[in-house]
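Q: So the protein sequences, as listed, match chains A and B.
Numbering of the first sequence is given in the working numbering, commencing with residue 1 and proceeding in unit increments.
Numbering of the second sequence is given in the working numbering, commencing with residue 1 and proceeding in unit increments.
Protein chains: 2
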Amino acid sequence: MDESLPQGTTTAPQKGTVTQRAIDQIKAMIGEGRLEPGARLPTERDLATQLGISRSSMREAIRALTVLGVLEARHGSGIYVTQLEAGDLLETFGVVADLSRGPRLVELLEVRRILESTATALAAARISADQLAEVEKHLTAMNATDDPEEILSHDLAFHRAIVASAGNDTMAAILEGLSSRTFRARVWRGYQEEGAFERTRREHAAIHRALVAHDPEAARAAAASHVGEVEQWLRTQLQP
Amino acid sequence: MDESLPQGTTTAPQKGTVTQRAIDQIKAMIGEGRLEPGARLPTERDLATQLGISRSSMREAIRALTVLGVLEARHGSGIYVTQLEAGDLLETFGVVADLSRGPRLVELLEVRRILESTATALAAARISADQLAEVEKHLTAMNATDDPEEILSHDLAFHRAIVASAGNDTMAAILEGLSSRTFRARVWRGYQEEGAFERTRREHAAIHRALVAHDPEAARAAAASHVGEVEQWLRTQLQP
DNA sequence: CCACTCAGGTGGTCGGACCACTACGCATCG
DNA sequence: CGATGCGTAGTGGTCCGACCACCTGAGTGG
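1) Apart from the five residues just before and just after G16 of chain B, which ones in its own chain have a Cβ nearer than 7 Å to its Cβ?
2) Of the choices B:R45, B:L68 and B:V67, whose alpha-carbon is the least far from that of S245 of chain B?
3) Any contact between the segment 130-146 of chain A and the segment 113-121 of chain A? By contact I mean 3 or more CB pairs, one from each, below 8 Å.
4) Quick one, which residues of the segment 116-137 of chain B are near chain A if we go by CB-CB under 7 Å, in chain order?
5) Could you compute how far the alpha carbon of T82 of chain B sits from the alpha carbon of A157 of chain B?
6) Between R113 of chain A and the rest of its own chain, which residues show a CB-CB distance below 7 Å, the 5 nearest in sequence each way excluded?
7) Go ahead and label R220 of chain A buried or exposed: buried means 16 or more other beta carbons lie within 10 angstroms of its beta carbon, across all protein chains shown.
8) From D130 of chain A to I162 of chain A, what does the alpha carbon distance come to, in whole angstroms?
9) With a threshold of 7 Å on Cβ separation, who are the neighbours of S54 of chain B within its own chain once the five nearest residues in sequence on each side are excluded?
10) Tell me where the alpha helix (DSSP H) around I30 of chain B begins and ends.
11) Within its chain, find whatever has a CB closer than 7 Å to the CB of L234 of chain A; leave out the 5 residues flanking it on each side and keep chain order.
12) Please list, in chain order, the chain A residues whose beta carbon lies closer than 7 Å to that of G31 of chain B.
13) For S180 of chain A, which of A:V212, A:V96 and A:A141 has the nearest alpha-carbon?
14) DSSP three-state call for L90 of chain B: helix, strand or coil?
15) By the 8 Å beta-carbon criterion, what residues does the segment 46-59 of chain A contribute toward chain B?
16) At a CB-CB cut-off below 8 Å, which residues of chain A make contact with L89 of chain B?
17) Where E3 of chain A and R21 of chain A are concerned, what is the direct C-alpha to C-alpha distance, given to the nearest angstrom?
18) What is the residue span of the beta strand (DSSP E) that R74 of chain B lies within?
19) List in chain order: all unbroken alpha helix (DSSP H) runs of 4+ residues lying wholly within the segment 30-57 of chain A.
20) Report the rounded CA-to-CA distance for A123 of chain A versus R40 of chain B, giving the unit in angstroms.
21) With a Cβ-Cβ cutoff of 9 Å, do L84 of chain B and P37 of chain B count as a contact?
22) Count the other C-beta atoms from every protein chain shown that fall within 10 angstroms of the C-beta of G190 of chain B, then say buried if there are 16 or more, exposed otherwise.
23) Just checking: is the beta-carbon of A86 of chain B within a distance shorter than 9 Å of some beta-carbon in chain A?
24) How would you list, in chain order, the residues of chain B whose beta-carbon sits under 9 Å from the beta-carbon of V70 of chain A?
25) Taking Cβ-Cβ distances below 8 Å as the criterion, which residues of the segment 139-173 of chain B are in contact with chain A?
26) So G177 of chain B is in the alpha helix (DSSP H); what residue range does that whole segment cover?
27) Would you identify the three-state DSSP class for I114 of chain B, choosing helix, strand or coil?
28) From the DSSP output, in three-state form, read off G228 of chain A for me.
29) If you draw a straight line from the C-alpha of S100 of chain A to the C-alpha of R63 of chain A, how long is it?
30) Only counting the same chain, and skipping five residues up and downstream in sequence, which positions put a Cβ closer than 7 Å to that of L5 of chain B?
31) Leaving out five residues on either side along the sequence, give the residues of the same chain with a beta carbon under 6 Å from the beta carbon of A166 of chain B.
32) Evaluate the contact criterion for the segment 145-152 of chain B versus the segment 61-75 of chain B: three or more CB pairs, one atom per stretch, below 8 Å.
33) Please return the same chain residues whose Cβ sits closer than 7 Å to the Cβ of T145 of chain A, not counting the five positions on each side in sequence.
34) Would you mind telling me which residues of chain A sit closer than 9 Å to A64 of chain B, beta carbon to beta carbon, in chain order?
35) I'd like the list of long-range same chain contacts for P216 of chain B, defined as Cβ closer than 6 Å, with 5 residues on each side in sequence excluded.
36) Could you tell me which of B:T92, B:G87 and B:E194 sits nearest to D88 of chain A, measuring between CA atoms?
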């Protein structure tokens, strides 16, 4: 069947590195509810003792879970479990966008097109007056300046406000990663040099109209077309 | 002449922890193309010396990038950059599914419904004979057993084969995380106790028919309905 | 009653030591 | 001559102990 290895403590699969085991164990503690969101963990030294490993290895495990958005270390205070909200856990999604290039950029944009068109459709049905005002604020601000940096900033906020109105925080967090600053800046650099300003402006206006009219289908089409334009442009860039 | 500037050009901005800086620098090296996918990094000791930090801190940085799927450490050999493919970077996506609970599970299922319905529609248009055979293999195997464990396994493979036929690796990797074993096992436990076997079988058959007919719209509807069923069930479970 | 001080505890960093494993060249054997 | 085996150098993995930087809260003084 299996082994003849005596287990020192309760559960020790004895697989992989010591650090990896520590990562899994802490993750399991949270998954099983033994550690609530926001809870404070024992000290690094205590944790290391409990799991029978050195503090160095335990620190590596904690660092790993920190970059994953699961834990949060506060210098001088302690280690805490994050709220485990979508934003916390999906922050690493931005890394994917930053490190992707070539064909994968197109794939990412395709995913964004699918999700954002649906999110925009949902927003058209659910958006409130206040949320719509927020959207309009960034729309007008975007059209009132020529600074590319500022345009990009308001463009991001424009879409972010719309997606937030869709009411699905997880989807919003994913799209946030897919629209991260460095990601868009890379694509926009060349895209806007082809006189895409005016087209972008029209597309944004179309999206806005659909939101005002609370027309999900029109919103979906407008958003899909908007992202699709960039997607198609990028596709041609890869086939010189 | 270096400090008091918002951002340095070459040297470190002296922000955050030393380890975090190391993480960013390595990430930047890869992003700027100074480290190609599959390339071998200098040794931990050399890297630590280059960045002027201790080996312990460097190890934490490496470990962090390892769990993110950016680096891969081979004991006794060296540290290498992964191929940076969708699967490598999106493996951490499974953590989100594993640690999510309550309302966020519904949100995740909603995202999956949107993506998988589109992926299934794409698959209907593009699927080849070989790929279709693979899908059918798992479909029949799923209907030929009563072992819940085996059913779940073939169910996963069934959808995986379909999504793979859509031709978007990034989307496939995301859906893989959203359909991870532990995630589905948690949901299915209760779902299948309500006689959902037969319904699931019919829904799978409908998806298969649409694939055979190369009918994207039917495939989209069938897939959306399939995931939506589970989604709705889960929604009711949260409102007792 | 409030503000300040300061000591203890915590995460952050460092350097060194040793172990486990891999890779590669060299000597050996067929 | 080629294939095999072995040994060694180099790599990541682990551990230890020390010190630093920072936060917290109890105690002190006004």
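Ideal Cβ placement from N, Cα and C applies to all residues, glycine included.
A: Reading it off the structure:
1) In the second sequence, residue 16 of chain B corresponds to position 16, counting from 1. No residues qualify anywhere along the chain.
2) Nothing in the structure corresponds to residue 245 of chain B, since chain B is present only between 1 and 240.
3) Between the segment 130-146 of chain A and the segment 113-121 of chain A there are fewer than three C-beta pairs closer than 8 Å, too few to call the two in contact.
4) Answer in chain order: T118.
5) As a working note, residue 82 of chain B is residue 82 in the second sequence. As a working note, residue 157 of chain B is residue 157 in the second sequence. Distance between the alpha carbons of T82 of chain B and A157 of chain B is about 25 Å.
6) Position 113 of the first sequence, counting from 1, holds the residue named residue 113 of chain A. Scanning its chain for C-beta atoms nearer than 7 Å, with the 5 sequence neighbours on each side dropped, one finds around R113 of chain A the residues A224, V227, G228 and E231, in chain order.
7) Here residue 220 of chain A corresponds to residue number 220 of the first sequence, with the count starting at 1. With at least 16 other beta carbons inside 10 angstroms of its own, R220 of chain A counts as buried.
8) One-based indexing of the first sequence puts residue 130 of chain A at position 130. One-based indexing of the first sequence puts residue 162 of chain A at position 162. Spanning the two alpha carbons is a distance of roughly 12 Å.
9) Indexing the second sequence from 1 puts residue 54 of chain B at position 54. Listed in chain order, the non-local C-beta contacts of S54 of chain B below 7 Å within the same chain comprise A48, local neighbours out to five positions each way being set aside.
10) Numbered from its first residue, the second sequence carries residue 30 of chain B at position 30. For I30 of chain B, the enclosing alpha helix (DSSP H) stretches over residues V18 to G31.
11) Within the first sequence, the letter at position 234 stands for residue 234 of chain A. L105, V106, L109 and V187, listed in sequence order.
12) In the second sequence, residue 31 of chain B corresponds to position 31, counting from 1. In chain order: D98 and L99.
13) Mapped onto the first sequence, residue 180 of chain A falls at position 180. Ranking A:V212, A:V96 and A:A141 by Cα distance to S180 of chain A puts A:V96 first.
14) To locate residue 90 of chain B, count along the second sequence from 1; it is residue 90. Per DSSP, reduced to three states, the secondary structure at L90 of chain B is coil, with no helix or strand assignment.
15) If the cut-off is 8 Å between Cβ atoms, the segment 46-59 of chain A has S56 and R59 near chain B.
16) For the purposes of this step, residue 89 of chain B is taken as residue 89 along the second sequence, with counting starting at 1. Here the neighbours are V95, V96, L99 and S100.
17) If you number the first sequence from 1, residue 3 of chain A lands on position 3. If you number the first sequence from 1, residue 21 of chain A lands on position 21. Bear in mind that a pLDDT of 37 at E3 of chain A, under 50, signals an unreliable position, so the model cannot answer this.
18) For the purposes of this step, residue 74 of chain B is taken as residue 74 along the second sequence, with counting starting at 1. It spans L71 to R74 - the beta strand (DSSP E) in which R74 of chain B sits, taken as one unbroken run.
19) Segments of the alpha helix (DSSP H) lying fully in the segment 30-57 of chain A: 44-51.
20) Position 123 of the first sequence, counted from the first residue, corresponds to residue 123 of chain A. Position 40 of the second sequence, counted from the first residue, corresponds to residue 40 of chain B. Rounded to the nearest angstrom, the two C-alpha atoms are 46 Å apart.
21) Working through the second sequence from its first residue, we reach residue 84 of chain B at position 84. Working through the second sequence from its first residue, we reach residue 37 of chain B at position 37. Yes. Within cutoff.
22) Residue mapping note: residue 190 of chain B aligns to position 190 of the second sequence, counting from 1. When all chains shown are included, G190 of chain B counts as exposed.
23) Walking along the second sequence from the start, residue 86 of chain B turns up at place 86. It does: the Cβ of A86 of chain B has a partner Cβ on chain A nearer than 9 Å.
24) Here residue 70 of chain A corresponds to residue number 70 of the first sequence, with the count starting at 1. Chain B residues near V70 of chain A: V95 and L99.
25) Cβ proximity to chain A below 8 Å picks out N168, D169, T170 and M171 from the segment 139-173 of chain B.
26) For the purposes of this step, residue 177 of chain B is taken as residue 177 along the second sequence, with counting starting at 1. Per DSSP, G177 of chain B belongs to the alpha helix (DSSP H) from D169 to L178.
27) Position 114 of the second sequence, counted from the first residue, corresponds to residue 114 of chain B. For I114 of chain B, the three-state secondary structure derived from DSSP is helix.
28) Along the first sequence, one-based indexing puts residue 228 of chain A at 228. It is helical.
29) Translated into the one-based positions of the first sequence, residue 100 of chain A becomes position 100. Translated into the one-based positions of the first sequence, residue 63 of chain A becomes position 63. Roughly 24 Å separates the two Cα atoms.
30) Position 5 of the second sequence, counted from the start, is the residue given in the question as residue 5 of chain B. With a pLDDT of 33 at L5 of chain B, under the threshold of 50, the predicted position of this residue should be treated as unreliable, and no value is reported.
31) Along the second sequence, one-based indexing puts residue 166 of chain B at 166. Taking A166 of chain B as the centre and dropping the five residues before and after it, the same chain places the C-beta of A119, L122 and A123 closer than 6 Å to its C-beta, in chain order.
32) They do not touch, by the three-pair rule.
33) On the first sequence, position 145 is the one that residue 145 of chain A refers to. Around T145 of chain A: I151.
34) As a working note, residue 64 of chain B is residue 64 in the second sequence. Going along chain A in sequence order, the residues near A64 of chain B (Cβ under 9 Å) are E60, R63, A64, T66, V67 and L68.
35) Indexing the second sequence from 1 puts residue 216 of chain B at position 216. Answer for P216 of chain B: A121, A124 and A125, listed in chain order.
36) One-based indexing of the first sequence puts residue 88 of chain A at position 88. Nearest of B:T92, B:G87 and B:E194 to D88 of chain A, Cα basis: B:T92.
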